[in-house]
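One structure is given here, and the rest of the page talks about it.
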Amino acid sequence: MPRSRVLRRVALRLAGAAFVLWAVATLTFFAIHLVPGDPAQAILGGPGSQASQEALDEVRADYGLDQPLVVQYGAMLGRLVTGDLGDSYALKTPVAELIGGQILGTLALAALALVVAWVLAVGLALWSTSAGRIGRAIAGGLELTAAALPHFWLATVLIAVFSTSLGWLPPVSNDAASGLVLPVITLAVPLAGFLAQLMRERMLEALEQPFAVSAAARGETAAGLRLRHALRHAALPAINLSGWAVGYLISGAVVVETIFARPGLGRTLLRATELRDVPVVVGVVLVVALVYVLMTLATDVVSRFADPRIAREEAPA
Amino acid sequence: MSGGEPVRPDPGPVTAPDAPVLDVAGLSVAFRDGRGWREVVHGLDLSVAAGTCVAVVGESGSGKSVTARAVLGLAGAGARVRADRLDVAGADLRRADERDWRRMRGARAGLVLQDALVSLDPLRTIGREIGDPLRLHLRMPPAAARSRALELLELVGMPHPALTVDRRSGELSGGMRQRALIAAALALDPPLLIADEPTTALDVGVQARVLGLLEAARDRGTAVLLISHDLAVVSRMADRVVVLHDGRVVEQGPTAELLGDPRHPITRALIAAVPTEVPRGAPLSLAPHGADAATADRPPGPAPAATSAPGLPSSGPPGAPVTATRPPILEGLGLTKSFGSGPTRVLAVQDASFRIEPGRTLGLVGESGSGKSTLARLVLGLTAPDAGEVRLDGGPWTTLPERGRRPLRRRLGAVYQDAFGSFDPRWSVRRILRDALAAAGAETSDAAVAVLLDQVRLAPGVSAQHPLALSGGQRQRVAIARALAGSPDVLVCDEPVSALDATVQARVLDLLDEIQRERGLAMLFISHDLGVIRHMSDTIAVMRSGRIIEQGDAERVFTAPEHEATAALIRDSPRLVIRGPGSNR
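These protein sequence lines map, in sequence, to chains A and B.
For the first sequence, position 185 matches number 185 in the UniProt record's numbering, and the numbering has no gaps at all.
For the second sequence, position 61 matches number 61 in the UniProt record's numbering, and the numbering has no gaps at all.
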C-alpha cells in the first residue's frame, strides 16, 4: 500500500474518533440537563445540605450555571479541547484525577470478563458443533438464556448461592482475587452466550463449505476440522464484535460495581449522575468512549492478523 | 512423482493386479426427508481400474457428486449409504467407522473438488493445506511437510512454488488454486483420485493444463474417477463413460462407443448440448421423449413459442443477412482503459475497435484477465474510457455526459454470469422486472411483466417467486427478461451461461438466439468457452492482455486463425471428439 494511502486512512480514522468523542460529550451534556435536579445543589453538598438561596445564586454565578445552556456547552467544549476535564462539583477534585483512581479497577474487570466470555464461548461452540442434534438444541437454549440474563439478576443470584448459602466467595468485592470472581462471572456469562451463538452459527456455516469437505477428504479429523478450519472463520466476526463488547461490559460495570460495592468508573458515574455532577459524568463517559474507540481500532488490527484477506482487499486491484 | 519414491503410509490389503481400485456395486444413497428417506442414488455399480479413467456424467441433481462423496464416506451426516460392495484399493468400506474412513481419505483416495476458490480454506496457506495429508497420515513434522509441499507444487506445474506455497487461495488465480488442490489430493500418491468437475469455471488454456495433470496421474497408474457435465472434457480423457440420470445409470460403455453411438435419450441430449460443432442458429436442446429435461427448467405454462425440430437449422436464416454496408448499431473506436497508476498501472483495454450490426453477434473471447469484462463495462457506459469512444446507432454514447446518456441507457441491455448475485434475493421476480421496466420508463403493469416473462418462455406464475426458489436456468431467463425490459437494441452478455449445466446452457443459448431473431438484436457475447462462442457468433474478436489480437468472421477465425494465440486457444479448447469404436486412447 502506498504511503499516502496509509496516511489518508489513518487521518480518516482519527477524524472519525474525534467525531465520536465530540458527539458523546455533546449528547451526555444535554442529556444530563434533561434529568431534574440542580447542579448548584450538588456543588453545595447535595440535596440534603439545605443551602441558602444566596449561596446557590453565588455558586451559579461562579460556575456560570446562570448562563444559557448553549453558552455553558461552549465553555465545556473549550475546556475539553485543551484536555481539561474540569473539577468535580461535589468532590472539588479534578475529574482526571478522580477517573485515574478508578479506571484501572473497571478496566481489569472488563478485560477479565472479556477473556472469560471468550473462553466460555469458544468451549461452548466447539462442544455444541460436535454434539448431535440434542446437544445443539441444549447449547442453543443455554446461549439464548445466558445472553438474555440481566446483570443485576445474575449478580443477585450468584451472591445468594455462592456467598450467602455456600459462603465460598465474598458478596462484597475486596482487594483479594476472590473478590473479582463473582463480578467477572456476572459480566462474562451474558456476553459468552451472545458470542457462543455467533461462533456456533459461523462454525456450522464453515463446516458446510467445500473447503471443509476438501479437508475431510484429506483425512482431517472431526476435531481438526473444527479447530484448524472452522474456529478461525468463526473467530473473525467475534473479534470484530469485541470492540462493541467492551462498551457493553463497561456499561454493565455500572450495575455490577454498584451491587458488589466495588470501586470503579461505573459506580463513580452512577453517583455523579445522581448528584448531577456534570463534569464527572461528561468526563467518565468521554473516557469510556475513548476506550471504546481504542478497542475498535485494536480489533481492526487483530482481525487483520487473523484474516489476511482484509489487508489484501484494501490494496489496489 | 518427482520426489523419488512415492509415499504410501498404509498400503492396505494387497490387491490383485487386475482388480479394480474402486469397486462399487449396488450403491444407494438416501437423505432424510421429513420422516422418511429420499433415495437419490439407486443401486449404482461402478468400477475403476488402475491407470484408467472412468467418467460419470449427468446433469446437476443426477447424483454424480453424491456418488463421489459416498465413496469417501462424505455423503453427509444425514445420509444413509448402502452398498453390496464398496471397495477402495482392496479395503472393504461397507462397515467402516469414522476412524477407518479417516485412514482411507487422503491416503487411498484423493478428492479434487470444483471451484478451488471455495475448496481451499481461504484463511490457510496452500502449503499448509497440501501438508495436511502428510501431517495427518505420516505425522510428518511441519518443515518436512513444507518441503514436500514444494515438491508437489513443482509436480503440478505451479509457477514459483517457493513464493506461492505461503499464499492463500484468495491470492491465486483459478488455475493456480486448482493446481494446489490437485497437489493436496496427490500428496500421498493415492491409488484413487476422484475429480468432481475439476475444470469447471477455468479458462480453456488452464483447463487443458489441469486435464493434463489428471492424465499424467492416470498414466502413472492412478485410477481416476472423473465427475463432469462437460462431455468435451470427458471425451478427452475418459476410457469409460457412465451416464447418470436421477440416480440411476442409464447408459455406460467405452467412451468412443458411447459418444459415437448413444442409445439413451439422456445421453443424446447431453451430446447435442455441446455447442462446438452445431452450426450458428441451429438449436442445441433436443426435446427428449418422456420425462424430458426441458420441463425441469421450465415450469408448466404456455407452450414455448418456438420449438424447432431437433438437429435441423430452424426456420429463417441465422442472424441477419451479411451486408458490409449496413451501418453498425454499436461501434467501438480505439478504446483504451487503464487501472491504477505508476508501476502498478494495468492497461486493461488497449486500442480496441469493433462494430456490431443489428441482428448480429460479436463474440468476444479470451482468457480471464484479458480485458473482456472491462470492454463490456466500457460498452455499457459503466466505466469511462481513457481514450477512444463507443458510438451507439451512429451517435455519440460514451462521450456524452451522464445526463445525456440516461435516456439512451435503455437501448443497451446486460446479462451477467451470476444471475443470483445481480438480484436482490428478497425481491420477487415481479418486483425485479417492474423495477427494470420503471428504470426504462416503460409501463410497469402485471401484464407488462407477463409479456417479459413470456419472451423468455417463463410462465406468468414465476413472477410471484423469489430468485432463491428458481433453478439456475430460470434465474438466467429472469436476468434476460430484465435486460429486455427497455426493449434494447444491443444486448451485452458477459459469460451468460458459464454457471449453467450443459443442457440448461443449451436451452438458454437457444433462447438468446430466438430473441435475437425475433427482435433483430445486436449482441456482444462474451465467453471463455470457445464452443459457446463459435455457436453464437457471426464475428469473433479474440482478446489477449487488453488487445484485440484477431477479429473476423467466426468460421474464418476458427478454421484459419491468423494469430498464434488464437490457434493455441482453439487447440486447448476441449472438444467433443467422437472417434470410431476401438480407437479409444
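We put the beta carbon where it would ideally sit given N, CA and C, even for glycine.
In angstroms with no decimal places, state the Cα-to-Cα distance between residue i and residue j.
| i | j | result |
| --- | --- | --- |
| B:Arg263 | B:Leu335 | 50 Å |
| A:Gly101 | A:Pro263 | 9 Å |
| A:Ala238 | B:Leu437 | 42 Å |
| B:Leu408 | B:Ala481 | 19 Å |
| B:Ser235 | B:Pro254 | 10 Å |
| A:Gly78 | B:Ser373 | 55 Å |
| A:Val24 | A:Glu54 | 34 Å |
| A:Ala253 | A:Gly283 | 16 Å |
| B:Met536 | B:Glu367 | 18 Å |
| A:Val184 | A:Arg200 | 23 Å |
| B:Phe339 | B:Val112 | 35 Å |
| B:Thr444 | B:Ala499 | 30 Å |
| A:Ile99 | A:Ala139 | 40 Å |
| A:Leu195 | A:Ala155 | 20 Å |
| A:Phe30 | A:Lys92 | 22 Å |
| B:Ala195 | B:Ala96 | 22 Å |
| A:Ala272 | A:Leu166 | 35 Å |
| A:Asp62 | A:Leu69 | 15 Å |
| B:Arg534 | B:Gly221 | 36 Å |
| B:Gln114 | A:Ala15 | 45 Å |
Grab me the residues of residue i's own chain with a C-beta within less than 8 Å of its C-beta, minus the 5 sequence neighbours each way, in chain order.
| i | result |
| --- | --- |
| B:Ser463 | Ser428, Val429, Arg430, Leu433, Asp446, Val449, Ala450, Leu453 |
| B:Ala180 | Ala116, Leu120, Ile126, Glu129, Ile130, Leu153, Val156, Met158, Thr164, Ser169, Leu172 |
| A:Leu7 | none |
| A:Ala212 | Ala206, Leu225, His229, Ala230 |
| B:Leu509 | Pro275, Leu284, Val497, Val532, His535, Met536 |
| A:Ser130 | Ala222, Ala223, Arg226 |
Skipping 5 residues on each side, what residues in its chain have a beta carbon closer than 6 Å to that of residue i?
| i | result |
| --- | --- |
| B:Ala440 | Arg410, Ala485, Gly486 |
| B:Thr399 | Glu389 |
| B:Ser573 | Val204, Leu530 |
| B:Leu382 | none |
| B:Pro161 | Leu150, Leu153, Glu154 |
Residues of chain B with CB closer than 7 Å to the CB of residue i, please, in chain order.
| i | result |
| --- | --- |
| A:Ala216 | Leu74, Arg105 |
| A:Arg232 | Leu123 |
| A:Pro308 | Arg168 |
Name the chain A residues that come within less than 9 Å of residue i, Cβ to Cβ?
| i | result |
| --- | --- |
| B:His137 | Arg218, Gly219 |
| B:Arg102 | Ala216, Gly219, Glu220, Thr221, Ala222 |
In chain B, which residues lie with their C-beta within 8 Å of the C-beta of residue i?
| i | result |
| --- | --- |
| A:Val213 | Arg69, Leu74, Leu111, Leu113, Ser119 |
| A:Gln209 | Val118 |
Strictly below 8 Å CB to CB, what residues from chain A border residue i?
| i | result |
| --- | --- |
| B:Pro133 | Arg218, Gly219 |
| B:Leu181 | Ser214 |
| B:Ala195 | Within chain A, no residue comes near B:Ala195; the closest Cβ sits about 12 Å away, beyond 8 Å. |
| B:Ala184 | Ser214, Arg218 |
Using a cut-off of 7 Å between C-beta atoms, extract the partners of residue i located in chain A.
| i | result |
| --- | --- |
| B:Arg177 | Per Cβ cutoff of 7 Å: no residues; B:Arg177 is ~11 Å from chain A at best. |
Skipping 5 residues on each side, what residues in its chain have a beta carbon closer than 7 Å to that of residue i?
| i | result |
| --- | --- |
| A:Val20 | Ala289, Val293 |
| A:Val302 | Ile239 |
| B:Glu550 | Val542, Val557, Pro561, Glu562, His563, Thr566 |
Kindly say whether residue i, judged by its beta-carbon, lies nearer than 8 Å to any beta-carbon of chain C.
| i | result |
| --- | --- |
| A:His229 | The structure shown contains no chain C; its protein chains are A and B. |
Next item on the list: Within the region 387–438 of chain B, note down every full alpha helix (DSSP H) run reaching 4 residues or more, in order along the chain.
Entry: 402–409
Note to self: Measuring CB atoms only, is the region 217–227 of chain B touching the region 551–567 of chain B, in the sense that at least three cross pairs come out at less than 8 Å?
What the structure shows: no
Item checked: Given 8 Å, three or more beta-carbon pairs between the region 141–154 of chain A and the region 217–234 of chain A -> no
Checklist line | the region 514–526 of chain B / the region 458–475 of chain B touching (three or more Cβ pairs under 8 Å) | finding: no
Check: For the region 97–145 of chain B, which segments carrying the alpha helix (DSSP H) assignment without a break, of at least 4 residues, lie completely within its bounds, in sequence order?
Finding: Annotation note: the region 97–145 of chain B contains the following uninterrupted alpha helix (DSSP H) runs of length 4 or greater, listed N- to C-terminal: 98–104, 116–119, 126–138.
Note to self: Under 8 Å: do the region 235–245 of chain B and the region 52–67 of chain B share three or more Cβ pairs, one atom per stretch?
What the structure shows: Contact between the region 235–245 of chain B and the region 52–67 of chain B is established, with three or more Cβ pairs separated by less than 8 Å.
Note to self: For the pair the region 19–38 of chain B and the region 75–91 of chain B, tell me if three or more CB-CB distances fall below 8 Å.
What the structure shows: yes
Next item on the list: Assess, as a yes-or-no matter, whether the region 265–277 of chain A is touched by the region 150–164 of chain A under the definition of 3 or more beta carbon pairs within less than 8 Å.
Entry: No: the two stretches stay apart, fewer than three of their Cβ pairs being nearer than 8 Å.
Next item on the list: Enumerate, from N- to C-terminal direction, the unbroken beta strand (DSSP E) stretches of 3 or more residues contained entirely within the region 12–80 of chain B.
Entry: List check, beta strand (DSSP E) in window: 22–33, 36–48, 53–57.
Next item on the list: Starting from the N-terminal side, write out each stretch of the beta strand (DSSP E) that is 3 residues or longer and does not extend beyond the region 90–120 of chain A.
Entry: none
Next item on the list: Just list the beta strand (DSSP E) runs in the region 141–180 of chain A, keeping only unbroken ones of 3 residues or longer that don't cross its boundaries, in chain order.
Entry: You should have found no qualifying run.
Margin query: In chain order, what are the residue ranges of uninterrupted beta strand (DSSP E) at least 3 long that sit wholly in the region 160–214 of chain B?
Written below: You should have 192–196.
Margin query: I'd like the ranges of any alpha helix (DSSP H) spanning at least 4 consecutive residues and lying wholly in the region 184–267 of chain A.
Written below: 210–217, 231–259
Notebook entry, point to check: Fully enclosed by the region 456–499 of chain B, which beta strand (DSSP E) runs are 3 residues long or longer?
Noted result: 490–494
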